[in-house]
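Before any comments, here is the structure.
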Amino acid sequence: MGLFNAVMSLSGTADTDVIENERLARHTSYRIGGKAALFVVCHSYHALRRAVDVLQKEQVPWVIVGKGSNLLVADEGYDGAVISLGREFSRTVVAEDGCTITAGAGVILARLVNETFTRSLTGLEFAVGIPGTVGGAVSMNAGTRDAWIGSLVSDVVTFKEGQGIKHYAHGDIDWEYRHCSLPRDEIVLEATLKLEPGNKAEIRAKMEQLLSRRRRTQPIGCATCGSVFKNPPGNSVGKMIEDCGLKGFSVGGAEVSPVHGNFIVNTGTATAADVVAVIKHVHEKIREVYGVELQPEVKFLGF
Ligand SMILES: Cc1cc2nc3c(=O)[nH]c(=O)nc-3n(C[C@H](O)[C@H](O)[C@H](O)COP(=O)(O)OP(=O)(O)OC[C@H]3O[C@@H](n4cnc5c(N)ncnc54)[C@H](O)[C@@H]3O)c2cc1C
622 MGLFNAVMSL
632 SGTADTDVIE
642 NERLARHTSY
652 RIGGKAALFV
662 VCHSYHALRR
672 AVDVLQKEQV
682 PWVIVGKGSN
692 LLVADEGYDG
702 AVISLGREFS
712 RTVVAEDGCT
722 ITAGAGVILA
732 RLVNETFTRS
742 LTGLEFAVGI
752 PGTVGGAVSM
762 NAGTRDAWIG
772 SLVSDVVTFK
782 EGQGIKHYAH
792 GDIDWEYRHC
802 SLPRDEIVLE
812 ATLKLEPGNK
822 AEIRAKMEQL
832 LSRRRRTQPI
842 GCATCGSVFK
852 NPPGNSVGKM
862 IEDCGLKGFS
872 VGGAEVSPVH
882 GNFIVNTGTA
892 TAADVVAVIK
902 HVHEKIREVY
912 GVELQPEVKF
922 LGF
């Protein structure tokens, strides 16, 4: 592959930062992961378009990431380019109706939650405490058991290599629990969310309640990727794991959190191989005890 040519073409290009051999542990909430051959931050649409064109032409595989809060990266790293969205994708625009917000895919979800609170808009309270970007949240259909971001999204704009910009209305996309049907080879550029005018005190109370629940039930402050597995229909995977006596189970530096069974924590020295070993053990045990094939929620890169 033309990695060298890709670096030569992209280095010094406007609105593009290119780093070779970047440690991905620096870009994941797990603080785990080997090096990416290239780490490319695109600060504008044109920079993104050019970067993807160059990578495609030079046959360098690429992947888009947000804040890496749902990613497990292999210890061997990723022999391709990791693309991240910069400045131009970090803006929010509020429409004249005061309730419709268009957010760039690089906007930090917490910032958007904060902005809706400041404007007394209701609907996005469930997202309080969910790390990551708007692009990652749309791609994952992030949310809780009761609510997810897709139900608020009225439009999504994506970029597809060779085709350019594509527009999707809410109904063009299937939104399911931790899944949206947008093609995996498209990069979310921005999403428009429809919110409702609300009562600020009520919005605050709801957010505080959700945050204190998180503090009570999740290993806040630890290096994790959030929930590792999706909940099977009608069941709580955290409870299933707990009932199997797996809380505290560990391999190397990776441990099933004693606080929440569906969180695997990097206690400080975990490798990706340690996390995978814990995932496999939990998966096998749940299959053995319940006959259920757990599906991972975490995304894997470089395996
Ligand atoms: C402590 C903690 C708590 C969490 N709690 C929750 C929770 O309550 N609910 C929940 O749903 N999740 C939760 N998560 C998981 C995670 O925060 C979400 O999945 C989040 O939406 C991921 O966003 P990101 O920007 O970090 O995406 P990344 O982890 O970087 O990427 C995730 C996936 O999205 C894709 N992606 C990212 N950006 C784009 C883009 N612009 N276009 C197309 N695809 C893209 C990536 O390719 C990858 O497949 C939690 C994680 C942590 C660490």
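Position in the sequence shown counted from 1, then plus 621, gives you the working numbering. Ideal Cβ placement from N, Cα and C applies to all residues, glycine included.
What is the DSSP secondary structure of residue 849, reduced to helix, strand or coil? Collapsing the DSSP output to three states places residue 849 in coil.
Below 7 Å CB to CB, which residues in the same chain sit around residue 895 once its five sequence neighbours on both sides are set aside?
The beta carbon of residue 895 sits closer than 7 Å to the beta carbons of 872, 873, 874 and 875 from its chain, once the five residues preceding and following it are set aside; these are given in chain order.
_8 Å contact criterion, which residue 675 and residue 627 should meet: CB distance rounded_ = Sure, about 5 Å apart at Cβ, within 8 Å.
* First and last residue of the uninterrupted alpha helix (DSSP H) at residue 674 -> From DSSP, the alpha helix (DSSP H) with residue 674 extends over 666-678.
- prompt: Which term fits residue 826, buried or exposed, when burial requires 16 or more other beta carbons within 10 angstroms of its beta carbon?
  reply: It counts as exposed.
field: contact_flag[the region 817-832, the region 767-785] where n(CB pairs < 8 Å) is 3 or more
entry: When Cβ pairs closer than 8 Å are counted between the two stretches, the region 817-832 is seen not to touch the region 767-785, the count staying below three.
**Prompt:** Hey, how far is the Cα of residue 817 from the Cα of residue 918?
**Reply:** Distance between the alpha carbons of residue 817 and residue 918: 30 Å.
key: Cβ-heavy atom distance, residue 786 to ligand 1, below 7 Å   = For ligand 1, not one heavy atom lies less than 7 Å from the Cβ of residue 786.
For the beta strand (DSSP E) containing residue 630, name the first residue and the last one. Counting along the chain, residue 630 falls outside any beta strand (DSSP E), though it belongs to the alpha helix (DSSP H) covering 624-631.
query = How is residue 648 classed by DSSP in three states: helix, strand or coil?
reply = Here residue 648 carries a helix assignment [DSSP, helix/strand/coil].
(request) For my contact list, residue 791 and residue 774 are in at a C-beta cut-off of 8 Å; report their separation, rounded to the angstrom. (result) In this structure residue 791 is in contact with residue 774, their Cβ atoms being roughly 6 Å apart against a cut-off of 8 Å.
(message) Distance check for residue 901 and residue 909, CA to CA, integer angstroms please.
(response) Answer to the nearest angstrom: the Cα atoms are 12 Å apart.
Worksheet entry | Top-ranked residue by Cα proximity to residue 667, from 694, 767 and 631 | The shortest Cα separation from residue 667 among 694, 767 and 631 belongs to 631.
**Asked** DSSP on residue 905, reduced to helix/strand/coil?
**Response** In this structure, residue 905 counts as helix in the three-state DSSP scheme.
- Query: What distance in whole Å lies between the Cβ atoms of residue 672 and residue 755, which are believed to be in contact at a cut-off of 8 Å?
  - Reply: Between residue 672 and residue 755 the Cβ distance is about 20 Å, and since that is not below 8 Å, they are no contact.
| message | Could you compute how far the alpha carbon of residue 776 sits from the alpha carbon of residue 789? | response | Cα to Cα, the separation comes out at about 6 Å.
For residue 718, which three-state DSSP category applies?
Coil, per DSSP.
- Query: Which residues bound the alpha helix (DSSP H) around residue 831?
  - Reply: According to the DSSP assignment, residue 831 belongs to the alpha helix (DSSP H) that extends over 821-838.
query = Cβ of residue 752 versus every heavy atom of ligand 1: is any distance shorter than 7 Å?
reply = Because some heavy atom of ligand 1 lies under 7 Å away, the Cβ of residue 752 counts as near it: yes.
| In terms of alpha-carbon separation, which member of 669, 702 and 772 lies closest to residue 680? | If we check each option's Cα against that of residue 680, 702 comes out closest.
(Q) Can you confirm whether the region 715-722 touches the region 639-646 when touching is taken to mean that 3 or more C-beta pairs between the two stretches lie within less than 8 Å? (A) In the pairwise beta carbon analysis, the region 639-646 is classified as not touching the region 715-722: fewer than three pairs are separated by under 8 Å.
* Asked: Thinking just about the alpha-carbon of each residue, which of 891, 660, 795 and 903 is nearest to the one in residue 851?
  -> Looking at the Cα atoms, 903 is the closest of the given residues.
Query raised in the report: Would the beta-carbon of residue 662 fall within 8 Å of that of residue 638?
Result: A Cβ-Cβ contact shorter than 8 Å links residue 662 with residue 638.
(request) Whole angstroms is fine: what's the gap from residue 763's alpha carbon to residue 861's? (result) If you take the alpha carbons of residue 763 and residue 861, they lie about 22 Å apart.
Inset, instruction - Thinking residue 654 and residue 893 are a contact (beta carbons under 8 Å), I'd like their distance in whole angstroms, please. - result: In this structure residue 654 is in contact with residue 893, their Cβ atoms being roughly 6 Å apart against a cut-off of 8 Å.
Q) residue 710 to residue 864, Cα distance in whole Å? A) The straight-line gap from Cα to Cα measures roughly 43 Å.
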